[in-house]
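Chains as they are written, first to last, in this note's numbering: chain W, 1 to 219; chain G, 10001 to 11087. Working notes, structure below.
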Amino acid sequence: MWDHEIRSMASSHAIVAASVFMATVVPAVLVPGFSVYGTHLLWLYSVSAAVTGVSVAVSWLLGLTPPTKKHTLGYKLSRLFRSCLYFFLSCLFFHVVLVLYGAPLIESAVETFSLAVLLTSLTSLRCLCVLGPNVQAWIRVFSRHGAMSIWDTCLQITVACTLVGAWLGAFPIPLDWDRPWQVWPVSCSLGAMIGYLTGLVVAPAWIHYHRKQLTYKSK
Amino acid sequence: MKGLPLLSLLLWMCAVYFVGIYLFVGGFLLVRLEVNRTSTCRDALQPGEEPGDFCRGRPRFRRAVLLIIDALKMDFARFDPNNTTPRPYENKLPVLEETVSAKPSHSRLYPFRADPPTTTMQRIKGFTTGSLPTFVDVGNNFASSAILEDNLIHQLGQVGKRVVFMGDDTWENLFPKKFYRSLPFPSFNVKDLHTVDNGILQHLYTTMVGDEWDVLVAHFLGVDHCGHRFGPDHPAMADKLTQMDGVIRSVINRLQNDTLLVVMGDHGMTDTGDHGGESQKETDAAIFIYSPSPMFPGPPSQGEPDVVPQTDLVPTLALLLGTPIPYSSVGQVLLPLFPPHGQKQAAAGSLSQQEALWINAKQVNRFLETYSSMAKDIPPESLAQLKDQFSRVSSEYLSTVAEGRSPSSELTASLRAYLTSVRDTCRVTWARFNPFKMAAGLCILMFACLMCFFLSELSLVLLRESGMAPVVVALAAGVFTAGGQLLAQGYVEVAWCLASAALSTEVLFLWKAHRSRTAVAKNGSNAPKWASLLTPSYLLTPPLLVPLLRCASLLSDSYVIAEGRVVTFLVLSLALYVPIHLNWDGLLLPPSHDPLKAAGLLPSSALSPSVVRKESSTLLACLGVLVGSLYLSLSFHGCREEQGSCQPSPFLSPLSRLQNSQMKNLHYILSVFSLGLWTSLLRRCLRHYGNLNSSGATVFAARWILPLLSVCLGLHWAVSATPEDSFRNLAELISLAQLALPRAAFCLLGLGLFLIWLDPLTVFMKARASASARGSSLPPPRYRASTGISPQAELRHLIPQIYQQMRRSLDDGELSGGNEVDNRPAVEAYGLGTVYSAPLLLFCGLLGLGLLLLHPEGMALSFLLLLLEMGALLHIHASSTNLSSLHGAPPGGFNVPWTPVVLWSLAATQFFHATGHLPTFPSIQWGAAFVGFPDGHTGTILPASLVTLNTFASQILFAVACPLLLFWPLVCEVRGSRSGRACGDEGEDAVMEIRLRESPQQFSSALLQLSARYLFIQGAQVFASVCAAAILRRHLMVWKVFAPKLMFEASAFLVSSVSLLIGVTLVLRVDVAVSRWFKRLVPDASR
Ligand SMILES: [Zn+2]
Ligand SMILES: [Zn+2]
């Protein structure tokens, strides 16, 4: 039914995954002493920036963003501004959630906030790209009958995978293995990243295999 | 409702769990009583001599060096010159073999057999007390790990020897202030191979050369840590052993003639480098004895022992160094180290073999007498036999000495035989795991968990057909086993009778459940399918996944250490799952903007967006409260010693210890504030639902006893926080208040609980005779018309009409007050809607204050958080139930789903930590035993129960309050949601908890289900920690982490199951009272 769309989704995911890969490899070449554990924050921000840039570009190219009613420059600007605001608020929200989950409050606030930025760029940014700055729509999408296109279903899958990955990433922290990746927030951000990549792979595949069962209401 | 079958089912379920725990603990935890007596120099008298001082004689050795190389296995100490390709741990200590072959009359190397548990602390206890330490040595204090039993270090100190210690800091905890000089080094970090060893080496030689010591103890840890980290088969082990070889050589070179050297291991290790269990690889260490002056007659002869038990070191060293043998030693002197009779060697003052044996036997016999008068765990027949043996041997020895003959070798042999049989008897009693009991306990617990699970899923069916069959079968099986044991062994072991009884009822139950399930399935009703209960898709939903994760976390020592945070994490995750799940089902938001749904699928009357929005916002607000209290509760945690950089909560220390008076005032005000908030919140809640209007006993408790109790508490804190020196002239008054205030609080608490029990109804009736004012739609009841019918039938007709009135009156009387003057109902009953939950709530409130009394003052804040979290959980549960019923989800009776029950039971564990408790013995708050009893106790039951109440306060509160989960959705029900479907036209009635009386069958099944679910989760945790202890009994941390965790988990289960039963019984009591009330009401109304 949506073979074309699924194919474009798969290729866009491949591009995003490649950008993650590049964001890991390129600094390793350019910056001396770069490593995922050692200079974790650098890796974190480079990946976040890459994912943000590529996702926005891809969604713009594919025309995913919901059509706007007005086409004036002012409206577009305000929309851009609201998107930026939402991005920032989402970072704050994730930061608060992480602290509530047991992240140190003051000690490594920078690390916690960086993880929040990563989570935002992996989840909220996608919501922004697909649904626009509209919290009601965001909440609506995450319900059983809330998806209105395969992009919404894909959004559900990737966001769930990312968050579950980050959640699972907290599990090794208490263990007394003394590994470098057990340091906060390395395991969580790795978990989120792995979850995100899994989501990128799983979403098109899942949609492809369930395309018979999927029915969407018209937008 | 069926009260009795419900209670008996629950009791039976708990009993099965208890049997399982009892069996496992009986097989796993070895328990021994400590004898609190010490030997003195006058004890070790020889026969026929004047009563003099044993210690005044000149000992064989003046000084001794004890080198303990932790985990020095016998394999490490052997040297095989033919082995050309030695493994990393072989042939690395050539010094031992060289010395033994070069100087056979100076030295010996023996295997040195430890008794389980083979952990360092137990072993140090073992070779200093000469006893067989178990995991639980029941002594005077659990709180510190110091050895109170008589021991070698104490005896050495008594005779004035200067004991210098260096090495593993466990010694410093075991013998605080016993050493002349002590150089402890941290032993905690297993990965650190060198700190302790290098620390010792810095001081060892300089100390030896100096003259500031008589006994030198050095405990090296490197070999053991190397084993834990790399295993024995690793090059690092070779390096470590080679280093030890050098150490032994240097020590030997520095020895003087009057000095004895003992090099030994405390236990062995398995091939993976672990220890703790009872396999030969773990028990066989090595002991090497050396003296620069000859002390053996020649090379090892026939009569030498093959293996030296670790207990034998204590009497040997004691007699060689001239001190009395410690009181509780059950060891036997190492004969080769003493010259045979008549062959007194150069070393004057040394005891002969027979003399040493005699002193030893007398001491062992004395210990045995003392111990058997204290404890009954040694079988009486073997005790009688030992006594007999001793009297025979002693008369023989005494007659020999009296006649001046030299003792025969038979006498030596029989003295040795006596000592050996005492040690073997003690070992059978104390130092052996019982794998059969452990397995049986595991089995019973597993089946009990399964049973609980099925009981919770099939509660309706199983409650209907409960009978006496399980009890009969259990009795039969128990008696049968007892008979079999009597025939086969001649005596009965109760544990096995209980085990067979429990197992047989479990099997019977599972079979019956299976049969009734198939019967139900044939009838075609929609009971849950047997198979569908055990599929992964059912078990792996988040509400069951979270307890599964929790149980899995009990299998790792790191997670047990971090348990408080782990549980908080899980509670938070599951709490966040609630709104996410609701949103996924489309229940969180009003679906108004969806034209398709609003048009056809749902009855629009049931759904007004504003109601839905209100419920959702309640839910989210309560979630906020829950998350907030979860986060704040983290700041009340205590610290385990394993958690390196951890600061215990400042609220944990009692106010009287605070120095800064400003801080003290602040803390006090905070505590009193939260105390007041606790009280006023409870009273507000009761008043809100109209439960404070009547004049019953419960209302009296709520009105007077609750505030009075909190005033008592506040005053008590104030008194106990006053610094003693500031009000000298009031000292007597203060001490009186310290005694009287808590006792008054206890009395008030008892009175309050008793009053609630006595008269739990909180309903206030306002009857109006004017029939004209009755609701117009209701026809005036014609009671008199039914004259010909029996009273029973009359009741059946009448009660529904009373209900209708009640509903009506409740609706109007309670909430709209006196607005409708004209249309007033005939009967107004205030508080009928919360007739079940109000007494339960008050009960918990009072109990919480009582438990708070046993805690440090600062914990008042944590208790307030507990109350808030309870309320938040209840409201979240109620709102989510409402939201799903608002959207027309099929009502599942009164069943409480898994999610709130799991949250409830995890919150109990969470607040166990958040009230400053930890599953370790040193963290028990012993101060609780002295609240109201500042001068101590005479008995042990009262302080023990006070400490238990203090430790498991959160488990008690949550378990007693557990039935509230069933009532709260009814209390908070939204008008017109449920009743709209249930009662047809009279849609707007608020029936609240009275609805439970309309279907007593469902009520009791839901109550049973709720309790079974709670028990299941608690029981699964016990099962998991039992598994952890059984599987990881070789683990390094088993006696430090897993075994204490098991004991705490098991006791928590005991306490919370008892509290759950109390809560359920209270509900049943209320039910009986409500029935009686209705019965009394009917004749009134009919007149
Ligand atoms: Zn050890
Ligand atoms: Zn060890």
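Idealized CB from N, CA, C, for every residue including glycine.
Beta-carbon to beta-carbon, G:G11063 and G:P10963 are separated by about 5 Å, close enough to satisfy the 8 Å threshold.
G:I10248 places its beta carbon less than 7 Å from that of G:V10263. The same chain holds no residue with a CB closer than 6 Å to that of G:R10683 once the five nearest residues on each side in sequence are set aside. Annotation for G:T10120 indicates a beta carbon within 6 Å of some heavy atom of ligand 1. In this chain, G:T10899 is not harboured by any beta strand (DSSP E); it is covered by the alpha helix (DSSP H) spanning W10898 to A10914. Residues of the same chain with a CB within less than 7 Å of the CB of G:V10095, apart from the 5 flanking positions on each side, are D10245, I10248 and R10249 in chain order. Looking at the backbone, the Cα of G:A10469 and that of G:E10034 are separated by about 45 Å. For W:R144, the nearest CB of chain G lies under 7 Å from its own CB, placing it at the interface with that chain. Per the Cβ contact rule, the stretch 10006 to 10021 of chain G is not in contact with the stretch 10480 to 10491 of chain G (fewer than 3 Cβ pairs under 8 Å). The C-alpha of G:F11048 lies about 8 Å from the C-alpha of G:T10920. Put simply, the stretch 10070 to 10087 of chain G does not touch the stretch 10405 to 10420 of chain G. Fewer than three CB pairs are less than 8 Å apart. By a beta-carbon distance limit of 8 Å, W:V16 contacts W:V51. Their separation comes to about 6 Å. Bounds of the beta strand (DSSP E) holding G:H10219 are V10215 to F10220. Going by C-alpha positions, G:C10551 is about 9 Å away from G:V11022. One thing to note: W:S90 has its Cβ within 7 Å of the Cβ of W:S124. If you look at G:D10759, you'll find it isn't in any beta strand (DSSP E); DSSP assigns it neither H nor E. Under the Cβ criterion (8 Å, minimum of three pairs), the stretch 10101 to 10110 of chain G does not count as touching the stretch 10388 to 10401 of chain G. With respect to chain W, the C-beta atom of G:V10247 has no partner C-beta closer than 7 Å. Remark: the shortest separation between the CB of G:D10197 and any heavy atom of ligand 1 does not fall under 6 Å.
For W:V26, the three-state secondary structure derived from DSSP is helix.
At least one heavy atom of ligand 2 sits closer than 6 Å to the Cβ of G:D10224. Between G:V10422 and the set G:Y10689, G:I10378 and G:N10895, the nearest pair of CA atoms involves G:I10378. If you draw a 10 Å sphere on the C-beta of G:T10283, you find 16 or more other C-beta atoms in it, and that means buried.
A distance of 7 Å or more separates the beta carbons of G:T10425 and G:G10130.
G:D10284 has its CB no nearer than 6 Å to any heavy atom of ligand 1. G:D10168 has its alpha-carbon roughly 23 Å from the corresponding atom of G:H10234. The alpha carbon of G:F10764 has as its nearest neighbour, out of G:S10695, G:I10734, G:L10753 and G:K11079, the alpha carbon of G:S10695. Residues of the stretch 32 to 61 of chain W whose Cβ lies closer than 7 Å to any Cβ of chain G: none. Neighbours of G:T10568 across chain W, judged by C-beta separation under 8 Å: G102. Taking 7 Å as the threshold, the shortest C-beta distance from W:D152 to chain G does not fall below it. The alpha-carbon separation between G:F11078 and G:N10691 amounts to approximately 17 Å.
Contact check for G:A10928 against G:L10946 passes: the beta carbons are separated by less than 7 Å. Between G:G10586 and chain W, the shortest Cβ-Cβ separation is below 7 Å. The C-beta distance from G:L10321 to G:L10132 rounds to 22 Å, too long to fall under 8 Å, and the pair is not in contact. By the Cβ-count criterion, W:H210 is exposed, with fewer than 16 other Cβ atoms from all chains shown falling within 10 Å of its own Cβ. Closest in C-alpha terms to G:C10712, from the list G:E10381, G:A10744, G:A10375 and G:L10681, comes G:A10744.
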